[in-house]
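Residue numbers (our numbering): 38 to 384. A virtual CB, placed ideally from N, CA and C, is assigned to each residue, including glycine.
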Amino acid sequence: MSAQQKKSGIRTFKPGEVLFNENDPATSLYIIQKGQIRLFRPKGRGFVDLAILRSGEVIGEMAYFDEKSRRRSCSASAIVTTEVIEISFVAFAKTMEGLNPWFKTIINTLANRLRKTNERVKELETNSVGFGAGGKVADYVFFHTTDVMRVLSTLYLVIKTHGEKTDAGGWEIHMNKLKFYLFDIFNVPEIKFEEFLNMLKTEHFVEIRKDDDGLPKVIHVHNPDDFRSITVFFNTQKLLEDHKKLQVSSKCERFLSRVMEQLKASDKPQAMANISAILADFKSRNVPITDADFKDAVEAGLAEDILVGEGNTLTSVIHIEKLRKVFPAIRLQNAIKRINESKAGSH
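Encoded structure:
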């Protein structure tokens, strides 16, 4: 744990790696050289996100001014690969000793006021815990359906309105333009956008390229209409009863990905897939996916029941046209589910 490190120096944190947890003993502060740090607090089964800090900002300094406890007032973790300079409180104290007494008093006063503000925020957070059926604390959800629809619809509208088509195909929009609409107009929390954008990059929905200043601030998408289709999908699902919603497991998603690859040349609404060939490939690579994992596709109306033919060959009629249309939404739905489960401490 970084809170136990007493020596100053440069440290690198991987995405998701925790610098320190709330109430950990504190012995150092950090100056962010590059990357992004997320500040958060545990709440119920999940977290309350407080802020995102970037290059040039300081983190962990509040504990230095809290001489009574020297405890962390919140938790911190890296959003992307992040490099920081760690400065021990011992080294920082020597620097403070060299300041004029009146300047040191101002710093201590500001720090104490900020500390009281943090405590007030903590009280308000405690009083705002949500409750579910029967008075039980509701499950924590980081990405609500409304969050997803708001970001996706904004992406679509801003790219179609202000984006530029590239010669090689696709569309591009500068991050600053997008953030103006997301933050200033639609009031999307910054932490949610950053997490959502990282998810879109991981799932290959977007690609980040460099702008004219050489900064990675240009978002490239192959087809912004995909965002519109996915938004419509989520809106439709939101209106359905739970038992009627389309649910495809991650294993079934992977199964369907292979089906689409096998049938990529098909130009018909329906096509026959060789399920045995796909299962054989999974088995050869020790992938724990069986024909039972195909059940979700059948129940979702994306495929017909598996049939056993000559030589015990397994086949299925795939509604390939429908599958191609909804598959991007299925991928994103499962990616969001994984993030929500992770944030809620399910793993």
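In the DSSP assignment, no residue is bridged to Ile357.
Cβ neighbours of Val243 within its own chain (closer than 6 angstroms, five residues either side excluded): Leu237, Ile256 and Val258. By the CB criterion at 8 angstroms, Ser125 and Phe57 fall outside the cutoff.
Within the same chain, and ignoring the five residues on either side of Ser294 in sequence, the residues whose Cβ sits closer than 8 angstroms to its Cβ are Phe364. In this structure, the alpha-carbon of Thr198 lies about 25 angstroms from that of Thr273. Here Pro306 is near Ile357, since their CB atoms are less than 8 angstroms apart. Ala317 is classed as exposed because its beta carbon has fewer than 16 other beta carbons within 10 Å across all chains shown. Distance from the CA atom of Phe129 to the CA atom of Ser92, rounded to whole angstroms, is 20 angstroms. Residues Pro261, Phe264 and Arg265 of the same chain have their beta carbon placed closer than 6 angstroms to that of Tyr193, with the five preceding and five following residues left out of the count. Ile228 has its alpha-carbon roughly 25 angstroms from the corresponding atom of Ala63. Separation of Leu339 and Lys216 (C-alpha to C-alpha, rounded to the nearest whole angstrom) is 37 angstroms.
Within its own chain, the residues whose Cβ lies closer than 6 angstroms to the Cβ of Ala366, once the five positions on either side in sequence are excluded, are Ile267 and Phe270, listed in chain order. The C-alpha of Trp208 is placed about 41 angstroms away from the C-alpha of Leu351. For Leu66, the enclosing beta strand (DSSP E) has its first and last residue at Ser65 to Lys71. When the beta-carbon positions are compared, Tyr67 and Val117 stay at least 8 angstroms from each other. In this chain, the alpha helix (DSSP H) harbouring Arg295 covers Ser287 to Gln299. In this structure, Arg187 places its C-beta atom within 8 angstroms of the C-beta atom of Phe223. Minimum Cα-Cα distance from Phe179 among the listed residues Ile89, Ser313, Phe230 and Lys202 corresponds to Phe230.
With a cutoff of 8 angstroms on beta-carbon distance, Arg368 and Glu240 are scored as near each other. Here Ser112 carries a strand assignment [DSSP, helix/strand/coil]. According to the DSSP assignment, Phe50 belongs to the beta strand (DSSP E) that extends over Gly46 to Phe50.
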